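K.L.:
Under this note's numbering, read the sequence shown as residues 1 to 336, first letter to last.
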Amino acid sequence: MRYIALMLALLLAAAPLWAVKLKLKADPEEFEAAVLSFDGENVTYRRGRKELTAKLADFEHASAFEIKKQYTLEDGARWLELARFALHRALYTQAHDTARQAASLDPQLQPQVDRLLNTARYLQADALLERGSVALDEQKIDEARRLLTQVIEQFADTPAKVKAEILLGTLDRVALEIKAKELEEAARKAQEVADADERKKRKPIDDWLNELAAQVEAQREVKRSGDTECVANRIHKGLPLYENVVKALETIRKQIEENRHYYTFRGQIEQANSIDKAAKTLMVDTYERWVYYLYFNARYDVAAGVCNTALKLAPSDRRLLSLKVDIDNMYDPLQK
1 MRYIALMLAL LLAAAPLWAV KLKLKADPEE FEAAVLSFDG ENVTYRRGRK ELTAKLADFE
61 HASAFEIKKQ YTLEDGARWL ELARFALHRA LYTQAHDTAR QAASLDPQLQ PQVDRLLNTA
121 RYLQADALLE RGSVALDEQK IDEARRLLTQ VIEQFADTPA KVKAEILLGT LDRVALEIKA
181 KELEEAARKA QEVADADERK KRKPIDDWLN ELAAQVEAQR EVKRSGDTEC VANRIHKGLP
241 LYENVVKALE TIRKQIEENR HYYTFRGQIE QANSIDKAAK TLMVDTYERW VYYLYFNARY
301 DVAAGVCNTA LKLAPSDRRL LSLKVDIDNM YDPLQK
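1) Under DSSP, the alpha helix (DSSP H) around Glu66 begins and ends at which residues?
2) In the DSSP assignment, the alpha helix (DSSP H) including Arg202 goes from what residue to what residue?
3) Considering only DSSP beta bridges, list what Glu243 is partnered with.
4) Between Leu129, Asp142, Val134, Ile166, which has its C-alpha nearest Gln154's C-alpha?
5) Relative to the C-alpha of Ser274, which residue among Tyr263, Ala213, Glu184 is closest?
6) Taking all protein chains shown into account, decide if Leu52 is buried (16 or more other Cβ within 10 angstroms of its Cβ) or exposed.
7) CB-CB under 7 Å to Arg319, same chain, minus the five flanking residues each way: which ones, in chain order?
8) Hey, would you say Val113 sits closer than 7 Å to Ala120, going by beta carbons?
9) Apart from the five residues on each side of it in sequence, which residues of its chain come closer than 6 Å, Cβ to Cβ, to Arg253?
10) Span of the alpha helix (DSSP H) holding Arg47?
11) For the pair the segment 88-103 and the segment 61-68, tell me if three or more CB-CB distances fall below 8 Å.
12) Quick check on this structure: which residue in Pro159, Thr149, Lys161, Thr158 has the alpha carbon closest to the alpha carbon of Asp172?
13) Please report the distance separating the alpha-carbon of Leu313 from that of Ala127.
14) Under a three-way DSSP split, which group does Glu74 fall into?
15) So does the segment 71-86 actually touch the segment 94-101, counting three or more Cβ pairs closer than 8 Å?
16) Measure the alpha-carbon distance for Ala303 versus Arg100 and round it to whole angstroms.
17) Assuming contact is defined by CB atoms lying nearer than 7 Å, are Thr286 and Tyr242 in contact in what I supplied?
18) Where does the unbroken beta strand (DSSP E) through Phe31 begin, and where does it stop?
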């Protein structure tokens, strides 16, 4: 019996010698190695014919996790500790799987496992949201849209979902601005190198103006979405849509004005003026709804500022003037 117990102890203590893929922080290349021993801090491993030692902290997080996993006994508490190790290093998939294993080994750990899984879910959602935000800042539109959509679809029960929806609205405006700039640049270059044929010469600007007209109509649909959200009392979704519409239309009107020297062919000035008028009208209509729902929800200070801005654009608009009277009756900035 003593012999059997001794053999079991030796088997439990024996270092696992199967090969794993590891990566050191200082080494750009992943490599295959056999871990020979691990004392909680130092790792001895065989790489090729060489036997090397390094600190666990010298390995990339995923590699450090795999090393610790090899030396974790089949004990629920130890696996829960390993799950926390993964969670603190943003290894959310490993944290999830390891926590599940801890609960299967010791069902009494289920409450702790549930808390860890819930925390991991919220952190994973925030991390994905941050990646989407960075991609948006870098104007990587397709990547940002994919990541933000993933947050909305996979983490609908987390606060990150609402933030992702707002950023997705901003994304559409940024995408329009980028596309408009690209079309503007393409039109400019094409205009310079176009031959004497009038149709070839005017086509770039005609296409650009048509694209701007389409963008105005696209913003009209965004405003309708904002109206729907606000009517349903979801102003936290509707108001950002109004703001995005106004900013996008401001950009369109600015581009029309800055490029008037390119409108050299028949009908282009008239088309540009028509698009600008449609954009301005939609801006005023959007401002009116924006101010109204701010006022309706007692956000008088913000409503006052937005209304003043809107009146600079349309000083004689009766709807805005009426709203200003209502706001002034409820809000005095000197008595804040």
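From the three backbone atoms N, C-alpha and C, an ideal C-beta is built for every residue, glycine too. Since we're looking at a predicted model, the values are computed, not measured.
P.N.:
Straight from the coordinates:
1) Working through the sequence shown from its first residue, we reach residue 66 at position 66. That run of the alpha helix (DSSP H) goes 61-70.
2) Within the sequence shown, residue 202 is the residue found at index 202, counting from 1. 198-231 is the span of the alpha helix (DSSP H), which, as asked, contains Arg202.
3) Translated into the one-based positions of the sequence shown, residue 243 becomes position 243. Bridge partners of Glu243: none, in fact.
4) For the purposes of this step, residue 154 is taken as the residue at position 154 of the sequence shown. Ranking the options by Cα distance to Gln154, first place goes to Leu129.
5) What you label residue 274 is simply residue 274 of the sequence shown in a count that begins at 1. The option with the nearest alpha carbon to Ser274 is Ala213.
6) The sequence position of residue 52 within the sequence shown is 52, counting from 1. The residue is exposed, with fewer than 16 neighbouring Cβ atoms inside 10 Å.
7) Translated into the one-based positions of the sequence shown, residue 319 becomes position 319. Answer for Arg319: Glu288, listed in chain order.
8) The residue you call residue 113 lines up with position 113 of the sequence shown. The residue you call residue 120 lines up with position 120 of the sequence shown. Result no, Cβ atoms of Val113 and Ala120 do not sit closer than 7 Å.
9) As a working mapping, residue 253 is identified with position 253 in the sequence shown. So the list reads Asp276, Ala279, once near-sequence residues are dropped.
10) Sequence index remark: in the sequence shown, residue 47 carries index 47 (1-based). It is not in any alpha helix (DSSP H) - Arg47 instead sits in the beta strand (DSSP E) that spans 42-47.
11) yes
12) Indexing the sequence shown from 1 puts residue 172 at position 172. The shortest Cα separation from Asp172 among Pro159, Thr149, Lys161, Thr158 belongs to Thr149.
13) Start at 1 with the first residue of the sequence shown, and residue 313 comes out as number 313. Start at 1 with the first residue of the sequence shown, and residue 127 comes out as number 127. In a straight line, the C-alpha of Leu313 is about 40 Å away from that of Ala127.
14) Working through the sequence shown from its first residue, we reach residue 74 at position 74. If DSSP states are grouped into helix, strand and coil, Glu74 belongs with coil.
15) yes
16) Taking the first residue of the sequence shown as position 1, residue 303 is located at position 303. Taking the first residue of the sequence shown as position 1, residue 100 is located at position 100. Spanning the two alpha carbons is a distance of roughly 50 Å.
17) Within the sequence shown, residue 286 is the residue found at index 286, counting from 1. Within the sequence shown, residue 242 is the residue found at index 242, counting from 1. Yes, Cβ-Cβ distance for Thr286 and Tyr242 is below 7 Å.
18) Counting from one through the sequence shown, the residue named residue 31 turns up at place 31. Unbroken beta strand (DSSP E) run through Phe31: 31-38.
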